[in-house]
Amino acid sequence: MVQMDCYIKKYNVLLFEQVGLENEVLAQDIEDPAACSIESEKQKLDKDRQRREAELKIAAKQNKLAELNKKFQQLLITNQRLPEHVRLKPEVRTPGSLSSVF
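Under our numbering, the sequence shown has 8 at position 7, and the numbering climbs by one with no breaks.
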């Protein structure tokens with residue numbers, strides 16, 4: 002035999018008049034379709050945050066690329082100042098020739 006426990010819950014419902022809220026102004030629903038919801042605002046803020054992070058990442062990569070380009074140009078100048086028999090010669094590589102290097 003299965004024994005079951007039953008609970009009866011009693012809810013007291015209070016009316017506004019009993020609590021003293023009959024004079025309180027109730028918040029009105031926003032019916033303007035152009036108004037933004039809280040969820041759409043959260044999504045907009047998240048999208049803006051992601052855009053800022055992406056812009057910062059791009060700027061960091063551009064700075065790194067500019068730094069590497071500056072170093073490369075300095076190396077080219079240094080190479081040109083060396084005696085000709087010591088200089089590094091520029092190599093022309095075709096797209097298929099890179100596989101032989103690796």
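C-beta atoms are modelled at their ideal positions from N, C-alpha and C, and glycine is treated no differently.
Under the three-state reduction of DSSP output, S41 falls in the helix class. The DSSP-derived three-state label of L89 is coil.
At a Cβ-Cβ threshold of 8 Å, L69 and N80 do not count as neighbours. In this structure, DSSP gives Q29 a state outside helix and strand, which the three-state scheme calls coil.
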